[in-house]
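Q: Protein chains in written order, with this note's numbering: chain A, 3 to 113; chain B, 881 to 993.
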Amino acid sequence: DQQVKQNSPSLSVQEGRISILNCDYTNSMFDYFLWYKKYPAEGPTFLISISSIKDKNEDGRFTVFLNKSAKHLSLHIVPSQPGDSAVYFCAASLTGNQFYFGTGTSLTVIP
Amino acid sequence: NAGVMQNPRHLVRRRGQEARLRCSPMKGHSHVYWYRQLPEEGLKFMVYLQKENIIDESGMPKERFSAEFPKEGPSILRIQQVVRGDSAAYFCASSPSTYNEQFFGPGTRLTVL
Chain A
3 DQQVKQNSPS LSVQEGRISI LNCDYTNSMF DYFLWYKKYP AEGPTFLISI
53 SSIKDKNEDG RFTVFLNKSA KHLSLHIVPS QPGDSAVYFC AASLTGNQFY
103 FGTGTSLTVI P
Chain B
881 NAGVMQNPRH LVRRRGQEAR LRCSPMKGHS HVYWYRQLPE EGLKFMVYLQ
931 KENIIDESGM PKERFSAEFP KEGPSILRIQ QVVRGDSAAY FCASSPSTYN
981 EQFFGPGTRL TVL
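1) Return no unless some Cβ of chain A is closer than 9 angstroms to the Cβ of Pro986 of chain B.
2) Between which residues of its own chain and Leu49 of chain A is the CB-CB distance below 7 angstroms, once the five residues before and five after are set aside?
3) Measure the Cβ-Cβ separation of Phe103 of chain A and Ala88 of chain A and say whether it is below 9 angstroms.
4) Is the beta carbon of Arg889 of chain B less than 9 angstroms from the beta carbon of Pro954 of chain B?
5) Within the 9 angstroms Cβ cut-off, does Ala85 of chain A reach chain B?
6) Distance check for Arg958 of chain B and Val892 of chain B, CA to CA, integer angstroms please.
7) Leu918 of chain B touches chain A at which residues, Cβ-Cβ below 7 angstroms?
8) For chain A, is any of its Cβ atoms less than 9 angstroms away from the one on Ser967 of chain B?
9) If you draw a straight line from the C-alpha of Met933 of chain B to the C-alpha of His909 of chain B, how long is it?
10) Would you list, in chain order, the members of the stretch 921-940 of chain B that have their beta-carbon closer than 8 angstroms to a beta-carbon of chain A?
11) Which residues in chain A have a C-beta closer than 9 angstroms to the C-beta of Phe971 of chain B? List them in chain order.
12) For Tyr928 of chain B and Ser12 of chain A, I'd like the C-alpha separation in whole angstroms.
13) Take the Cβ of Gln16 of chain A as the centre, count every other Cβ of all protein chains shown within 10 Å, and call the residue buried at 16 or more, exposed below.
14) Please name the residue, chosen from B:Asp936, B:Lys924, B:Pro976, that lies closest to Val884 of chain B on a Cα-to-Cα basis.
15) Smallest Cα separation from Arg916 of chain B: which of B:Glu943, B:Leu993, B:Tyr970?
16) Apply the 10 Å Cβ neighbour rule to Ile20 of chain A and answer buried if 16 or more other Cβ atoms are within range, or exposed otherwise.
17) Determine the direct distance from the alpha carbon of Lys70 of chain A to that of Thr97 of chain A, and round the result to whole angstroms.
18) What first and last residue would you give for the beta strand (DSSP E) that runs through Asp26 of chain A?
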């Protein structure tokens, strides 16, 4: 049972434009969310997180939005750069330790 | 401060053999997590350990799989009598506490022939 879903397996964006990656979850008890970026043959690297008490968190070019009523999470990257090309995973937790990961969205930023 | 270290990076086993995957967490991190990524799938949680204790193993198959995090030394994920379906990338992550980002190792790619 996939509790965290990323329905877009891939996304292509022009350099300099906004990339929006989406994530939906089913468990309303999730209270901590994270986004990770992964390059081939490497482990995921942490990007940004958000607690359920917030609806927005920003870090440089990366902003995460949380819509609890819709059980929806999104990551905005502005402006997109070719080095952002990677697979992006969202993850959710209700205990702060076990994390449920989505299946990933492969982002390609076209120069 | 070295990151999370995993070894070996690649492991080839024949069906029926044992696979041992090692993970050294970041210095100061007492929480260790193991995940499995099958081809074309996301990361699946397997087990969460603290020193000498298994906290949550709800994601780990009941048979053939075991994990430990001894007082001294790395965390070990052990797969006995491997089958072809065990072929996957196994990632270890560590964190200093709960509700904290997890730092991932580079993964061990297990291939079962």
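By construction, the Cβ of each residue, glycine as well, lies at the ideal position given by its N, Cα and C atoms.
A: If we stick to the structure as given:
1) Start at 1 with the first residue of the second sequence, and residue 986 of chain B comes out as number 106. With respect to chain A, the C-beta atom of Pro986 of chain B has a partner C-beta closer than 9 angstroms.
2) As a position in the first sequence, residue 49 of chain A is number 47, starting the count at 1. Once the five neighbours on either side are set aside, the close Cβ partners of Leu49 of chain A are Trp37, Tyr38, Lys39, Phe64.
3) To locate residue 103 of chain A, count along the first sequence from 1; it is residue 101. To locate residue 88 of chain A, count along the first sequence from 1; it is residue 86. In this structure, Ala88 of chain A does not lie closer than 9 angstroms to Phe103 of chain A by Cβ.
4) Locating residue 889 of chain B in the second sequence gives position 9, counting from the first residue. Locating residue 954 of chain B in the second sequence gives position 74, counting from the first residue. Not a contact, by the Cβ cut-off of 9 angstroms.
5) On the first sequence, residue 85 of chain A is found 83 positions in, with the first residue counted as 1. First, the residue type needs correcting, since residue 85 of chain A is Gly and not Ala in the sequence shown. No, no contact with chain B.
6) Position 12 of the second sequence, counted from the start, is the residue given in the question as residue 892 of chain B. Position 78 of the second sequence, counted from the start, is the residue given in the question as residue 958 of chain B. The C-alpha of Arg958 of chain B is placed about 14 angstroms away from the C-alpha of Val892 of chain B.
7) If you number the second sequence from 1, residue 918 of chain B lands on position 38. When 7 angstroms is used as the limit between beta carbons, Leu918 of chain B is near no residue of chain A, the shortest such separation being about 10 angstroms.
8) Along the second sequence, one-based indexing puts residue 967 of chain B at 87. Ser967 of chain B does not count as touching chain A.
9) Residue numbering aside, residue 933 of chain B sits at position 53 when the second sequence is read from its first letter. Residue numbering aside, residue 909 of chain B sits at position 29 when the second sequence is read from its first letter. Per the sequence presented here, residue 933 of chain B reads as Asn, with Met not at that position. Asn933 of chain B and His909 of chain B: Cα-Cα distance of roughly 14 angstroms.
10) Using a CB distance below 8 angstroms, the part of the stretch 921-940 of chain B facing chain A consists of Glu921, Gly922, Leu923, Lys924, Phe925, Tyr928, Ile935, Asp936, Ser938, Gly939, ordered along the chain.
11) Counting from one through the second sequence, the residue named residue 971 of chain B turns up at place 91. Close to Phe971 of chain B, with beta-carbon spacing below 9 angstroms, are these residues of chain A in chain order: Gly45, Pro46.
12) As a working mapping, residue 928 of chain B is identified with position 48 in the second sequence. As a working mapping, residue 12 of chain A is identified with position 10 in the first sequence. Answer to the nearest angstrom: the Cα atoms are 30 angstroms apart.
13) Translated into positions along the first sequence, residue 16 of chain A becomes position 14. By the neighbour-count definition (other C-beta atoms within 10 Å, threshold 16), Gln16 of chain A is an exposed residue.
14) Locating residue 884 of chain B in the second sequence gives position 4, where the first residue counts as 1. The option with the nearest alpha carbon to Val884 of chain B is B:Pro976.
15) The sequence position of residue 916 of chain B within the second sequence is 36, counting from 1. Nearest in C-alpha terms to Arg916 of chain B, of all of B:Glu943, B:Leu993, B:Tyr970, is B:Tyr970.
16) Translated into positions along the first sequence, residue 20 of chain A becomes position 18. The residue in question, Ile20 of chain A, is exposed, as its Cβ has fewer than 16 Cβ neighbours within 10 Å.
17) Against the first sequence, residue 97 of chain A aligns to sequence position 95. Against the first sequence, residue 70 of chain A aligns to sequence position 68. Taken atom to atom, the span from the alpha-carbon of Thr97 of chain A to that of Lys70 of chain A is near 17 angstroms.
18) Taking the first sequence and counting its residues from 1, the one referred to as residue 26 of chain A is at position 24. Note, Asp26 of chain A: beta strand (DSSP E), 21-27.
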